[in-house]
Structures are given as C-alpha cells and as structure tokens.
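Protein chains: 2
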Amino acid sequence: MSHKSFNPHHRILMGPGPSNVNPKVLDTLSRATLGHLDPQFIGLMDEIKSLLKYTFKTESDATFVLSGPGSLGMEACLVNMIEPGDKVVICTGGYFANRMIQIVEKIGGQVVTVKETWGRAIEPQKLEDALNANTDAKVVAFVHAETSTGALSNIKQLSEIAHKHNCLVVADVVTSLGAIDVMVDEWKLDAVYSCSQKGLACVAGMSPVSFSEQALHHIKNRKIPIQSWFNDLNLLMGYWSGGQKRMYHHTAPSNQFYGLHEALLILKDEEIENAWRRHKENSAKLISRLKEELDLEPIVPSGERIPHLLAIKVPYGVDEAKVRVDLLTKHNLEIGAGLGELAGKIWRIGLMGYNSNEKMIDYFISAMKKVLDKN
Amino acid sequence: MSHKSFNPHHRILMGPGPSNVNPKVLDTLSRATLGHLDPQFIGLMDEIKSLLKYTFKTESDATFVLSGPGSLGMEACLVNMIEPGDKVVICTGGYFANRMIQIVEKIGGQVVTVKETWGRAIEPQKLEDALNANTDAKVVAFVHAETSTGALSNIKQLSEIAHKHNCLVVADVVTSLGAIDVMVDEWKLDAVYSCSQKGLACVAGMSPVSFSEQALHHIKNRKIPIQSWFNDLNLLMGYWSGGQKRMYHHTAPSNQFYGLHEALLILKDEEIENAWRRHKENSAKLISRLKEELDLEPIVPSGERIPHLLAIKVPYGVDEAKVRVDLLTKHNLEIGAGLGELAGKIWRIGLMGYNSNEKMIDYFISAMKKVLDKN
Numbered sequence: 003m004s005h006k007s008f009n010p011h012h013r014i015l016m017g018p019g020p021s022n023v024n025p026k027v028l029d030t031l032s033r034a035t036l037g038h039l040d041p042q043f044i045g046l047m048d049e050i051k052s053l054l055k056y057t058f059k060t061e062s063d064a065t066f067v068l069s070g071p072g073s074l075g076m077e078a079c080l081v082n083m084i085e086p087g088d089k090v091v092i093c094t095g096g097y098f099a100n101r102m103i104q105i106v107e108k109i110g111g112q113v114v115t116v117k118e119t120w121g122r123a124i125e126p127q128k129l130e131d132a133l134n135a136n137t138d139a140k141v142v143a144f145v146h147a148e149t150s151t152g153a154l155s156n157i158k159q160l161s162e163i164a165h166k167h168n169c170l171v172v173a174d175v176v177t178s179l180g181a182i183d184v185m186v187d188e189w190k191l192d193a194v195y196s197c198s199q200k201g202l203a204c205v206a207g208m209s210p211v212s213f214s215e216q217a218l219h220h221i222k223n224r225k226i227p228i229q230s231w232f233n234d235l236n237l238l239m240g241y242w243s244g245g246q247k248r249m250y251h252h253t254a255p256s257n258q259f260y261g262l263h264e265a266l267l268i269l270k271d272e273e274i275e276n277a278w279r280r281h282k283e284n285s286a287k288l289i290s291r292l293k294e295e296l297d298l299e300p301i302v303p304s305g306e307r308i309p310h311l312l313a314i315k316v317p318y319g320v321d322e323a324k325v326r327v328d329l330l331t332k333h334n335l336e337i338g339a340g341l342g343e344l345a346g347k348i349w350r351i352g353l354m355g356y357n358s359n360e361k362m363i364d365y366f367i368s369a370m371k372k373v374l375d376k377n
Numbered sequence: 003m004s005h006k007s008f009n010p011h012h013r014i015l016m017g018p019g020p021s022n023v024n025p026k027v028l029d030t031l032s033r034a035t036l037g038h039l040d041p042q043f044i045g046l047m048d049e050i051k052s053l054l055k056y057t058f059k060t061e062s063d064a065t066f067v068l069s070g071p072g073s074l075g076m077e078a079c080l081v082n083m084i085e086p087g088d089k090v091v092i093c094t095g096g097y098f099a100n101r102m103i104q105i106v107e108k109i110g111g112q113v114v115t116v117k118e119t120w121g122r123a124i125e126p127q128k129l130e131d132a133l134n135a136n137t138d139a140k141v142v143a144f145v146h147a148e149t150s151t152g153a154l155s156n157i158k159q160l161s162e163i164a165h166k167h168n169c170l171v172v173a174d175v176v177t178s179l180g181a182i183d184v185m186v187d188e189w190k191l192d193a194v195y196s197c198s199q200k201g202l203a204c205v206a207g208m209s210p211v212s213f214s215e216q217a218l219h220h221i222k223n224r225k226i227p228i229q230s231w232f233n234d235l236n237l238l239m240g241y242w243s244g245g246q247k248r249m250y251h252h253t254a255p256s257n258q259f260y261g262l263h264e265a266l267l268i269l270k271d272e273e274i275e276n277a278w279r280r281h282k283e284n285s286a287k288l289i290s291r292l293k294e295e296l297d298l299e300p301i302v303p304s305g306e307r308i309p310h311l312l313a314i315k316v317p318y319g320v321d322e323a324k325v326r327v328d329l330l331t332k333h334n335l336e337i338g339a340g341l342g343e344l345a346g347k348i349w350r351i352g353l354m355g356y357n358s359n360e361k362m363i364d365y366f367i368s369a370m371k372k373v374l375d376k377n
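In order, the protein sequences belong to chains A and B. Residue numbering for the first sequence follows our numbering, beginning at 3 and increasing consecutively. Residue numbering for the second sequence follows our numbering, beginning at 3 and increasing consecutively.
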C-alpha cells in the first residue's frame with residue numbers, strides 16, 4: 003500500500019500570512035462535522051455574525067463570512083458594488099490594490115487610478131484631486147494595509163473625502179483586521195473584506211465581509227443584475243439572515259467555521275483594543291532590534307507603516323532569496339519575498355495574531371543573525 | 003470570561019451531504035499550518051492534482067481544486083466556458099440544474115432549456131431535439147446525479163449527443179464523484195466540477211474541477227474576457243501548474259487541503275472501482291430493506307436512481323418535517339428534506355463515502371422504524 007499521509011513541518015510563519023494558527027483553533031478543526039442546516043450549526047453561524055460585528059466594529063447585520071479566501075472577498079465586494087460602466091476611483095500603491103483594478107476591469111467598470119509610490123501611504127490630496135476631476139465617480143476603493151509594501155494608509159481620511167464627493171467606499175482590511183484599528187461604522191466603510199489567516203490567527207480560506215446600510219441600498223437599486231451568483235449579496239443575505247428560516251445557498255465549510263468561531267472568541271476574550279496594542283508594542287520592539295542588532299530598516303517611513311507587517315530593505319550585496327531559503331531550511335522560519343515592483347528588493351516580516359509576542363521576536367532576531375552571519 | 007468553545011454533536015449524516023467525514027481525514031485538519039508557498043505545500047498541491055486525475059479518470063493537467071464549495075465550482079466552470087451572448091443548452095429536472103440556468107443568465111448567456119420531470123433522468127432524445135432546433139448552441143450543460151431529486155442521468159450518452167452537434171460539455175458531478183462511475187476522458191466531459199463532502203468523505207468547502215484540452219482551447223480563444231478574476235482559469239492554471247515556479251493567485255486553505263489529500267489517498271487505497279461497487283451494493287441493500295421493513299419507496303424509477311442518494315416518497319398522512327426532527331433529536335440522525343417542487347413530498351437519504359456500510363443501514367432502518375412507529 004502506497005498510502006503516505008501528509009505530515010507538514012512545524013514552521014514558524016513570519017511572512018505576510020498565513021501566520022501561525024492558535025493551537026486552540028487548530029484543535030477545533032477536527033471536531034465532528036455538522037450539516038449546514040443543523041440547528042446547532044445555524045446557531046454557530048449566528049454567533050460568528052455577532053463576533054464579526056464586534057471585530058469589525060459595526061452594527062450592520064450584513065456582516066458574515068464568505069466560504070473562500072480574501073481574494074474572493076475582494077471580488078465579492080466589488081462585483082456587488084459596481085455595475086458595468088460605473089466610474090470607480092482606485093487608490094493604488096501596491097500589488098493588492100492593482101488586483102482591485104484587474105477585477106473592476108473584468109466587471110466592466112471604468113477605472114480611474116490614483117497612483118502612489120510603492121511603499122508609501124496614499125496621499126489624501128491625490129484622491130481629492132481625482133474626485134474633483136471625476137464628479138461622476140460612484141465608488142472609491144482602497145487598501146488599508148498594503149500587504150505587498152508594508153504601507154498603511156489613513157483610510158478614515160480617504161473615506162471622508164470619498165463621502166464628501168458622494169461616493170461609496172470599498173476597503174480592503176485583509177492585513178489590518180484584528181491587528182490594528184479598523185472602525186467600520188465610525189469610518190463609514192461601505193463594503194469591507196478581510197481574511198482569516200492574519201490578524202485573526204485562524205486557518206486560511208475564509209473571508210469576513212461587512213456591508214453598510216448605504217451599500218445594501220445601492221446594491222438593491224442596481225440596474226444591471228450582479229454578474230456573479232456565488233457572490234450575489236441578495237442571495238448571501240438570505241443564507242446568513244433569518245435564523246432557522248434561512249435560505250439554502252451553498253454547503254458551508256462547517257469545520258472551517260469551527261476554527262473561525264474559536265479564533266474570534268479568543269480575540270474577544272483578549273479584547274480587540276488590547277490585541278491592537280499588543281501588535282503595536284511588539285512591532286516597535288522588533289523594529290528597534292532590527293535596526294540595532296542587524297542594521298536592517300523598513301522601506302516605509304515611520305508613521306506610514308503597517309506595524310505588524312514590515313517591508314525590510316535587503317542590504318546591498320546580500321542574496322535576498324538565499325536568506326529566505328536559509329531561514330526556512332536551517333531555522334524552519336518562513337518570511338515573505340517582495341512582490342511586483344519590490345521583488346528581490348525587500349523581505350516581508352509578519353508579526354501577526356498568535357505570533358505577535360516577544361518569543362517570536364527573539365527567535366527571529368537570533369535566526370536572522372545566524373543567516374546574515376552577524377553573530 | 004464568557005468564552006464558550008463550540009462543541010458539535012456527533013451526528014450521523016445521512017442526508018444529501020455533508021456525509022460523515024472519515025476520522026483519519028478529520029485528524030489531518032489540525033496539523034500545523036504551512037504557508038501556501040512552502041516547497042512542502044507545493045509538493046502537496048502536485049500530489050492532490052495527481053490524485054484528482056485518478057479520481058476523475060482523466061489525463062488532463064487542468065485538474066485541480068478550487069478553494070470554495072461545489073457551487074463555486076459550478077460558477078467557475080460556466081463563467082470560463084460561456085461568453086455573454088453564447089447559446090447554452092441546459093438540461094434540467096431539478097434544483098441544481100436550475101441553478102445552472104441562473105448562473106448562465108447572470109453571465110449573459112442565452113439559455114435554451116431542456117426540461118425533464120423532477121425525479122427522472124434526462125431523456126436523451128429531448129437534448130437531440132433541442133440541438134437540432136438550435137444549431138448555433140455552443141455549450142451543453144447537465145447534472146449527472148441531481149441531488150434534489152435522486153435521479154441519475156446517462157451523461158455519457160448526453161455528452162455524445164452534445165459533441166455530435168459540435169458543442170462542448172459542462173457536467174456537474176457533485177454527487178457522483180467517488181461514489182459512482184465518472185469517466186471524464188472517456189465520456190468527453192469538457193468542464194466538470196464536484197465537491198469534497200459527499201463521495202470523497204472529506205469536509206465541505208472545496209471543489210475539484212477538471213477541464214479538457216478542447217475546453218482550454220475554447221477558453222484561450224474567447225473574445226470577451228472572463229468576467230471573474232477569482233475563477234479565471236488562465237490565472238488558476240498559473241497557480242496550479244509549473245511546480246515551484248507557480249504564480250501567486252490566492253492564499254490556499256492549507257489545512258483543508260490536508261484533509262482532501264488524505265481523503266483522496268483513502269479512496270485510491272480502496273481503488274475507486276471498489277468504492278463504486280461498495281456504494282451500489284449497499285444501496286441495493288438499503289432499498290430492499292426500506293421496501294420490506296418500512297414499506298418506503300424511491301420516487302425515481304429503478305434504472306434512473308442515484309444509488310447512494312435516495313429520494314423516498316413520504317407516505318400519505320405522515321408529517322414529513324416531524325420525522326426529520328425526531329430522527330435528529332432522538333436518534334442524532336440527519337436526513338434531507340425535499341427542495342423546490344419536491345419540498346414536503348420526499349426525504350433524501352444519503353449513503354455516501356465513509357457512511358456506505360451495513361452498520362449505517364442497520365442504524366437507519368432501526369431509527370426510522372422507531373420514528374415511524376413500525377416496531
């Protein structure tokens with residue numbers, strides 16, 4: 003018999019995500035599978051909704067999780083909010099905002115691009131200018147924490163500008179949710195999506211989303227039907243609302259949901275504000291030790307950085323890829339490479355969720371010292 | 003602290019799916035998470051591809067798994083194969099084929115419907131007639147095992163008719179894969195999708211798919227770009243091909259993939275032909291015991307039945323919903339209700355994957371006897 007079960011290495015995941023999953027979360031995944039119509043499972047879905055409202059800081063009932071990864075969430079938000087022909091302003095300074103452009107083009111939207119330098123926060127004045135020049139724009143889309151560059155934009159301010167110009171807002175909070183302040187209602191983010199495997203310290207494959215009342219109204223009044231069935235918010239709302247009377251949509255990945263539920267409970271137990279603080283404090287420690295002990299620096303100016311995902315300049319003469327391979331093979335430690343314009347120029351170091359603690363910082367600094375031969 | 007971890011009941015899942023997951027599969031889900039770019043994980047993806055080729059009986063390299071449930075697979079196959087304006091013939095005699103119609107309409111395809119009575123296999127002559135009347139049709143779509151009615155169509159014959167009329171074929175093998183013969187290459191099925199939680203005895207949330215060379219050629223020569231980014235086969239092929247050089251697409255749900263890999267290995271160890279035989283034999287036993295001991299009969303005529311998913315007539319005067327509730331609450335046993343036209347008229351009883359064995363038949367018959375008061 004050739005049966006060879008898969009036994010993954012126990013990696014330390016300090017790249018852009020997945021980050022290491024809390025063992026309590028992993029433990030729930032193997033529990034007995036429930037049918038998606040089981041009353042107990044429907045109760046679980048209701049609890050997940052309520053925990054996500056806490057996590058997103060929203061009162062909107064249109065808050066739930068999509069049964070696919072964050073990039074499905076990106077497509078779902080855009081395909082619901084945008085009709086073919088709609089003018090959409092997209093602020094981009096990285097790989098993931100560029101993906102928004104690709105998706106909107108596939109939907110048939112008319113894209114106006116606000117370009118920012120990779121590694122910098124979006125300059126709000128540039129959005130203001132674009133909206134002054136495009137008074138017929140309907141939607142503004144941007145990324146909070148640009149995973150490809152380590153830059154954090156002030157999306158509260160970007161959202162204010164968008165609303166002043168009567169636009170609705172689509173915001174990517176994939177790398178921010180659970181790790182840094184995300185205030186969906188206060189910041190008037192009309193459609194937001196995230197992922198499960200970063201700040202939430204859960205396994206990958208789920209995309210929490212939330213839609214404002216204005217977004218729901220906008221979607222209900224579309225002239226052209228939503229092109230996607232799987233992502234159609236009207237159908238999804240029937241599935242996620244109405245308690246025991248909910249409408250069948252798809253077969254939910256029940257064991258994945260056990261994990262998300264546990265991860266969200268753990269976050270609530272810690273209290274999300276404490277989680278935000280923990281991420282900031284550990285990040286500050288990591289940045290200062292990177293500088294002092296390894297002479298490594300973030301490419302993003304202070305004040306524009308994602309605290310928990312650092313894009314670090316590869317020093318002159320160092321073989322970027324070899325360092326990553328050595329960290330992985332000799333120290334069982336995964337960090338990320340650069341994407342797009344930054345390929346070969348940076349490493350991406352994540353200190354997220356379960357991994358945001360001093361032990362991980364120590365481990366990372368010590369491994370990196372050995373690999374860079376700085377002992 | 004209000005933390006209350008979720009502890010699911012240990013249900014016996016004999017509805018239309020999910021079916022019970024093999025404990026060996028459940029066990030893999032809790033293993034350490036790997037990054038989606040880890041060389042070990044990329045090796046796992048290659049093994050999954052190869053195991054899926056075995057399961058689908060295909061040599062096509064465009065065989066992989068989507069990171070979402072079977073209904074995402076349905077949308078993915080259709081959105082790649084169909085351009086706005088294309089004429090598509092859809093054979094429908096149930097809820098899931100009707101969903102195909104909804105999706106194709108959202109894509110902008112022109113739907114020609116071949117209607118069959120719910121609970122019957124698609125009559126091949128009806129497809130022949132429709133294609134004679136619609137010589138400009140490009141794609142024919144049908145469901146192999148219609149989960150909503152228990153009817154099994156002869157898709158080998160339907161596919162022959164479609165190809166004779168120069169159409170490509172999209173086939174839903176959600177409820178058939180792993181449980182009954184599915185011969186993708188031999189039957190010339192150009193785009194097929196399935197799910198993980200039925201015949202494969204894995205958890206829900208993944209959709210195995212396969213595309214023929216003709217399908218790939220067709221998709222490469224589209225005039226209108228694929229409307230979906232997440233489901234764009236060109237991008238997905240970059241992610242699933244090329245070994246260590248693969249292109250980033252989304253963050254794969256690694257722990258889910260561990261489960262699928264294990265489930266596929268178990269199926270290969272048994273040998274798929276043996277799994278097909280097991281499902282047929284156990285189904286025959288269940289049908290004869292339902293008749294003899296409970297006087298219950300399938301609505302689908304013999305010869306057109308899905309062996310492992312029976313739609314059973316609710317006897318006159320019996321409260322359909324109460325029986326399901328009693329089975330669940332008193333015997334921890336889940337069966338399915340009717341959908342659409344058959345709501346209230348049938349029960350759906352699955353004997354799939356890990357559950358296709360005599361012990362489950364005994365348990366079911368005994369519980370049903372008690373609930374129907376036939377002891």
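Idealized CB from N, CA, C, for every residue including glycine.
Give me the chain A residues within the contact set of residue i, using Cβ-Cβ distance strictly less than 9 angstroms, ordered along the chain.
i, result
"Leu36 of chain B", "Pro10, His11, Arg13, Leu15, Pro20 and Glu336"
"Ala206 of chain B", "Thr35, His38, Ser69, His252, Thr253, Ala254, Pro255, Ser256, Asn257 and Gln258"
Residue i touches chain B at which residues, Cβ-Cβ below 8 angstroms?
i, result
"Arg33 of chain A", "Phe8, Asn9, Pro10 and Leu28"
Leaving out the 5 sequence neighbours to the left and right, which residues in its chain are closer than 8 angstroms to residue i when beta-carbon positions are compared?
i, result
"His220 of chain A", "Met83, Leu170 and Asp192"
"His420 of chain B", "With chain B running from 3 to 377 in the structure shown, residue 420 of chain B is simply not present."
Report buried or exposed for residue i, applying the criterion of at least 16 other Cβ atoms within 10 angstroms of its Cβ.
i, result
"Thr60 of chain B", "buried"
"Ala286 of chain A", "exposed"
"Thr65 of chain A", "buried"
"Gly111 of chain A", "buried"
"Tyr142 of chain A", "Going by the sequence as given, residue 142 of chain A is Val instead of Tyr. So Val142 of chain A counts as buried."
"Ile105 of chain A", "buried"
"Asn284 of chain A", "buried"
"Tyr318 of chain B", "exposed"
"Gly87 of chain B", "exposed"
"Arg279 of chain B", "exposed"
"Gln400 of chain A", "The requested residue 400 of chain A does not occur in the structure, where chain A is confined to residues 3 to 377."
From residue i to residue j, what distance separates their C-alpha atoms?
i, j, result
"Ser161 of chain B", "Tyr356 of chain B", "30 angstroms"
"Lys117 of chain A", "Gly340 of chain A", "19 angstroms"
"His2 of chain A", "Leu129 of chain A", "There is no way to answer for residue 2 of chain A, as the model of chain A reaches only from 3 to 377."
"Ala147 of chain A", "Thr35 of chain B", "23 angstroms"
"Tyr241 of chain B", "Gly305 of chain B", "41 angstroms"
"Leu335 of chain A", "Ala313 of chain A", "16 angstroms"
"Met3 of chain B", "Met370 of chain A", "Low confidence applies to Met3 of chain B: its pLDDT is 43, below 50, so where it sits in the model is not reliable enough to give any reading."
"Ala345 of chain A", "Asn134 of chain B", "55 angstroms"
"Asn100 of chain B", "Ser150 of chain B", "11 angstroms"
"Asn168 of chain B", "Met76 of chain B", "22 angstroms"
Within its chain, find whatever has a CB closer than 7 angstroms to the CB of residue i; leave out the 5 residues flanking it on each side and keep chain order.
i, result
"Glu294 of chain B", "none"
"Glu378 of chain B", "It is not possible to answer for residue 378 of chain B, since the shown part of chain B is limited to 3 through 377."
"Thr115 of chain A", "Ile92, Thr94 and Ile103"
"Ala123 of chain A", "Ala153, Leu154, Ser155, Asn156 and Glu306"
"Lys225 of chain B", "Glu85"
With DSSP run on the structure shown, which of helix, strand or coil describes residue i?
i, result
"Leu68 of chain B", "strand"
"Asn22 of chain A", "coil"
"Trp349 of chain B", "strand"
"Val81 of chain A", "helix"
"Asp174 of chain B", "strand"
"Met3 of chain A", "With a pLDDT of 43 at Met3 of chain A, under the threshold of 50, the modelled position of this residue cannot be trusted; read the value that follows with caution. Here Met3 of chain A sits in coil by DSSP."
Check the Cβ of residue i against every Cβ in chain B and list those closer than 9 angstroms, keeping chain order.
i, result
"His263 of chain A", "Ser7 and Phe8"
"Gln112 of chain A", "The contacting residues do not exist; Gln112 of chain A stays about 15 angstroms from chain B at best."
Cβ of residue i versus every heavy atom of the ligand COA: is any distance shorter than 7 angstroms?
i, result
"Gly111 of chain B", "Here there are no bound small molecules, and the ligand COA is not part of this structure."
What does residue i touch in chain A if you count any residue whose Cβ is under 8 angstroms from its own?
i, result
"Lys108 of chain B", "Pro227, Ile228, Gln229, Ser230, Trp231 and Asp234"
Identify the contact partners of residue i in chain A, using a Cβ-Cβ distance below 7 angstroms as the criterion.
i, result
"Ser73 of chain B", "Phe232 and His252"
"Ile105 of chain B", "Trp231"
"Leu46 of chain B", "Phe8"
Taking C-beta pairs closer than 7 angstroms, name the residues in chain B that residue i reaches, listed in chain order.
i, result
"Cys79 of chain A", "Per Cβ cutoff of 7 angstroms: no residues; Cys79 of chain A is ~12 angstroms from chain B at best."
Grab me the residues of residue i's own chain with a C-beta within less than 6 angstroms of its C-beta, minus the 5 sequence neighbours each way, in chain order.
i, result
"Ser230 of chain A", "Val81"
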